[in-house]
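> For the sequence shown, the tail end lands on 1128 under our numbering, and the numbers increase by one without skipping.
For each residue, glycine too, the CB sits at the ideal point set by N, CA and C.
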Amino acid sequence: MPKIGDIVLPEFPLLLAPMEDVSDPPFRALCKEQGADVVYTEFVSSEGLIRNAAKSVMKLDIYEKERPVGIQIFGANLDSMLQTIDIVAESKPDIIDINFGCPVKKVVSKGAGAGILKDVCLMEQLTAEMVKRTNIPVTVKTRLGWDHESIRILEVAERLQDVGCKAISIHGRTRAQMYKGNADWKPIAEVKNNPRMHIPVFGNGDVDTPEKAMEMRDSYGLDGAMIGRASIGNPWFFKQVKHFFKTGEHLAPISIEERVEAARRHLQMSIDWKGEVLGVFETRRHYTNYFKGIPHFKEYRTKMVTSDDPKDVFAAFDEVLENFGDYQFTH
798 MPKIGDIVLP EFPLLLAPME DVSDPPFRAL CKEQGADVVY TEFVSSEGLI
848 RNAAKSVMKL DIYEKERPVG IQIFGANLDS MLQTIDIVAE SKPDIIDINF
898 GCPVKKVVSK GAGAGILKDV CLMEQLTAEM VKRTNIPVTV KTRLGWDHES
948 IRILEVAERL QDVGCKAISI HGRTRAQMYK GNADWKPIAE VKNNPRMHIP
998 VFGNGDVDTP EKAMEMRDSY GLDGAMIGRA SIGNPWFFKQ VKHFFKTGEH
1048 LAPISIEERV EAARRHLQMS IDWKGEVLGV FETRRHYTNY FKGIPHFKEY
1098 RTKMVTSDDP KDVFAAFDEV LENFGDYQFT H
């Protein structure tokens, strides 16, 4: 069984990836209920946190029902990152994860996220000092490299492990690829098969079917899968993968009733946590996926993603149940 520090995980755990504006407490709660073994927060800016920026501080909200839960932080300044460790530790997460993989320009331009892949020595130094600063297990999420010519993930993983990193999640693309092309899991398997490596190695990127999760486990031999985009609007993905592992068969398609109930709960939890305005606005991105594949759905989707009053959104859910209650999904 893989372990992150003293946290014992099940065989081939499924981890909810940290996703900006997605992996908030309402969404994490839904994924946890559906079988996610570890969940991570949206990434938290170290500079925002030490300046007490409201949005950054709010991301530190975690709840007992989520455990084990990791708070992910990003930054490139050692002093800021060490101050951030102290602030984050007060929220008592089970794991502190360092983001060395975000490819977004506004993060990379500051030398943070995947930007740090250009400076492996700084990557190692930051990790080493943060490990020394806390008793909470420190893990890392990263990419294969800055671009195809500079892939050094074998060396990077060894160096991070040697300074105390307790697990590494690797996205199978370079920063130059962003999210284009196919993720390459072979270099991740090479990290796992390196006889010097003894910490868990989790794969990330393109795990969007139960079959791919099984391939990552059986053909590539990784310790677990980190699930990102496949879970958006589909918190059942974790349950679907586990059912497939257990039976070799696909779980029956999620019914309209279950989808409407999840969307309803998701919106209500978001309103309870963020307030009405943000709760309504920031849940919109999930609705298309909750109801993906239903024909002649545009009218209802438009109501869901343009209505500012939660009563109107809840009413749209009721209409969906009333008008599409008998619709049978094929997958």
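Here's a check: name, in chain order, each residue in its chain whose Cβ is nearer than 7 angstroms to the Cβ of E1116, leaving out the five neighbours to either side.
Closer than 7 angstroms at Cβ, skipping near neighbours: Y1097.
> What residue ranges within the region 1061–1107 form continuous alpha helix (DSSP H) runs of no fewer than 4 residues, ordered along the chain?
Counting whole runs of 4 or more residues, the region 1061–1107 contains the alpha helix (DSSP H) stretches 1073–1087, 1095–1103.
> Tell me the rounded alpha-carbon separation between P823 and K1108.
The straight-line gap from Cα to Cα measures roughly 19 angstroms.
> How about N1001: is its C-beta nearer than 8 angstroms to some C-beta of chain D?
Absence of chain D from the displayed structure is noted, only one protein chain being present.
> Thinking K862 and A826 are a contact (beta carbons under 8 angstroms), I'd like their distance in whole angstroms, please.
That pair is a contact at about 7 angstroms.
> Please identify the residue among K938, L1048, T1103, Y1124 whose C-alpha is closest to the C-alpha of F871.
Ranking K938, L1048, T1103, Y1124 by Cα distance to F871 puts K938 first.
> If you follow the beta strand (DSSP E) that Q869 is in, where does it begin and where does it stop?
Where Q869 is concerned, the enclosing beta strand (DSSP E) stretches over 866–871.
> How long is the line joining the alpha carbons of S888 and G867, rounded to whole angstroms?
Rounded to whole angstroms, S888 to G867 spans 10 angstroms at the Cα level.
> For the ligand FAD, any of its heavy atoms closer than 7 angstroms to the Cβ of A1022?
Among the components of this structure there are no ligands whatsoever, and the ligand FAD is therefore not found.
> Return the residue from the list F999, R972, G1018, G1045 that minimises the CA-CA distance to E1008.
Measuring from the Cα of E1008, the nearest candidate turns out to be G1045.
> Report the start-end ranges of each beta strand (DSSP E) in the region 856–922 that is 3 residues or longer and not cut off at the edges.
Counting only runs of 3 or more, we get 866–871, 892–897.
> Where are the alpha helix (DSSP H) runs, 4 residues long or more, that stay fully inside the region 957–1022, in chain order?
Listed in chain order, they are 983–990, 1007–1015.
> Quick one, which of V988, I1091, G1030 has its alpha-carbon nearest S966's?
Ranking V988, I1091, G1030 by Cα distance to S966 puts V988 first.
> What distance in whole Å lies between the Cβ atoms of F1041 and C828, which are believed to be in contact at a cut-off of 8 angstroms?
Their Cβ separation, rounded to whole angstroms, is 17 angstroms, which puts C828 and F1041 out of contact at 8 angstroms.
> From which residue to which residue does the alpha helix (DSSP H) around R825 run?
R825 -> alpha helix (DSSP H) spans 822–830.
> Take the Cβ of V1074 as the centre, count every other Cβ of all protein chains shown within 10 Å, and call the residue buried at 16 or more, exposed below.
Per the 10 Å Cβ criterion, exposed.
> Starting from L1048, follow the alpha helix (DSSP H) in both directions and report where the run begins and ends.
From DSSP, L1048 is part of no alpha helix (DSSP H); its letter is neither H nor E.
> Does DSSP classify G740 as helix, strand or coil?
An answer regarding residue 740 cannot be provided, because it is not within the stretch 798 to 1128 covered by the chain.
> T939 bridges to which residues according to DSSP?
DSSP output for T939 lists F897, I967 as bridge partner(s).
> Could you work out which residue in Q974, A1049, L923, W1033 is closest to W943 when comparing CA atoms only?
Answer by Cα proximity: Q974.
> I need the boundaries of the alpha helix (DSSP H) containing L846, first residue and last residue.
First-last of the alpha helix (DSSP H) with L846: 843–847.
> The beta strand (DSSP E) that contains L811, what's its start and end?
811–813 is the span of the beta strand (DSSP E), which, as asked, contains L811.
> Along the alpha helix (DSSP H) that carries H1040, what are the first and last residues, could you check?
Start and end: 1034–1044.
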